[in-house]
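Have a look at the structure below before the remarks.
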Amino acid sequence: MSVVSVVVLTGCTGEPGADPGASASASASSGGSGSGGGGGYGAGPLGNPDGTKPGLAAIGSEADRKTARQLIEQVRTAGRGPKTGYDRDEFGYAWMDTADGVPLARNGCDTRNDLLQRDGQELRFRSGSDCVVASMTLHDPYTGKTIEWSKAKASEVQIDHVVPLSYSWQLGSSRWSEKKRQQLANDVLNLLPVEGRANSSKRDSGPASWLPPDKAVRCSYAVRFGQVALKYEMPVTTADKRAMLQQCGG
Numbered sequence: 023m024s025v026v027s028v029v030v031l032t033g034c035t036g037e038p039g040a041d042p043g044a045s046a047s048a049s050a051s052s053g054g055s056g057s058g059g060g061g062g063y064g065a066g067p068l069g070n071p072d073g074t075k076p077g078l079a080a081i082g083s084e085a086d087r088k089t090a091r092q093l094i095e096q097v098r099t100a101g102r103g104p105k106t107g108y109d110r111d112e113f114g115y116a117w118m119d120t121a122d123g124v125p126l127a128r129n130g131c132d133t134r135n136d137l138l139q140r141d142g143q144e145l146r147f148r149s150g151s152d153c154v155v156a157s158m159t160l161h162d163p164y165t166g167k168t169i170e171w172s173k174a175k176a177s178e179v180q181i182d183h184v185v186p187l188s189y190s191w192q193l194g195s196s197r198w199s200e201k202k203r204q205q206l207a208n209d210v211l212n213l214l215p216v217e218g219r220a221n222s223s224k225r226d227s228g229p230a231s232w233l234p235p236d237k238a239v240r241c242s243y244a245v246r247f248g249q250v251a252l253k254y255e256m257p258v259t260t261a262d263k264r265a266m267l268q269q270c271g272g
């Protein structure tokens, strides 16, 4: 199958033609939005509160780690309830483009391909499409690996829900409206393209049970988990909140 080659530079602006080196340098000095301690790739969570910038860079400075702890402290806690009644379909069909109220909704491209375009480099699209990514290079924030991906080996890159849908169900989303559950499932703040094996090992774990293999991004991961919890007014377990704070020096 022939494909059209399109290169997307993943600087923090995400704009075609941006200088990725310049963007990285600028973001590194802008409130934790850069690579900080050198782990991860792209934008750090403190400078990317809506999740529209690519990647998950490390939080390096002590000032940013303090800000991270302050954010996590705002997350409330609750006990994890039963999984009874959970089904992926309760959050809408996978990668729907019609989950209103979240970035990139109704842009004519499904959520999965939006995320591949946001985080991938050297994108190639399926012939005749400006949406469906056929191959790309991904810098995986969870493992630090660079993955040369194509649809022929689709499972090597999976889209992770930072706050797993099953986890959210057990922490209260079972009582949410259908619209709110669809938002959580398709909100770019809660989504990261990552190595398939890392995502599979996570399953529906919270931060007390699973953290990214790359230790440099664990504070960033904790912050992103907290950002999603705060946005959706969702608690985490006491053990998970404790683990989140520990990753950021608390």
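Using the working numbering, you'd call the opening residue of the sequence shown number 23 and step up by one each time.
Glycine included, C-beta positions come from ideal geometry on N, C-alpha and C.
Sheet register partners of residue i (DSSP bridge)
i	result
I169	L160
G180	Sequence check: residue 180 is Gln here, not Gly. Bridge partners of Q180: V216.
V124	Answer is none; V124 lacks a bridge partner.
G64	G77
V155	F147
Residue range of the beta strand (DSSP E) that includes residue i
i	result
R146	143-148
Start-to-end residues for the alpha helix (DSSP H) that takes in residue i
i	result
L267	260-269
Q96	First-last for Q96: undefined, no H or E at that position.
W191	187-192
F247	240-253
N208	200-208
Rounded C-alpha distance that separates residue i from residue j
i	j	result
V184	S231	13 angstroms
Q92	L68	11 angstroms
I169	C153	20 angstroms
K173	A156	5 angstroms
V124	E178	26 angstroms
M158	T259	37 angstroms
V245	K237	14 angstroms
R128	M118	9 angstroms
G272	D262	13 angstroms
S55	C270	Residue confidence for S55 is low, a pLDDT of 40 falling below 50, so the modelled location carries little weight; the figure read from the coordinates is stated next. Distance between the alpha carbons of S55 and C270 is about 15 angstroms.
Q96	L252	8 angstroms
R87	D132	34 angstroms
K202	F113	8 angstroms
P71	I94	13 angstroms
S190	G248	12 angstroms
S242	K175	28 angstroms
T99	A90	17 angstroms
M256	L193	7 angstroms
Y108	L213	20 angstroms
T120	S149	24 angstroms
Residue from the options with nearest C-alpha to residue i
i	options	result
L187	D236, D136, A116	A116
S151	G130, T165, G142	G130
F147	I181, G73, W171, G103	W171
Residue-chain proximity (residue i, chain D), Cβ-Cβ < 8 angstroms
i	result
F113	Among the chains of the structure shown, chain D does not appear; only one protein chain is present.
Do three or more CB pairs link the segment 195-206 to the segment 220-228 at distances below 8 angstroms?
Between the segment 195-206 and the segment 220-228, the count of Cβ pairs shorter than 8 angstroms is below three; the stretches do not touch.
Tell me, please, whether the segment 213-221 touches the segment 80-89 by the rule of three or more beta-carbon pairs shorter than 8 angstroms.
No, the segment 213-221 does not touch the segment 80-89.
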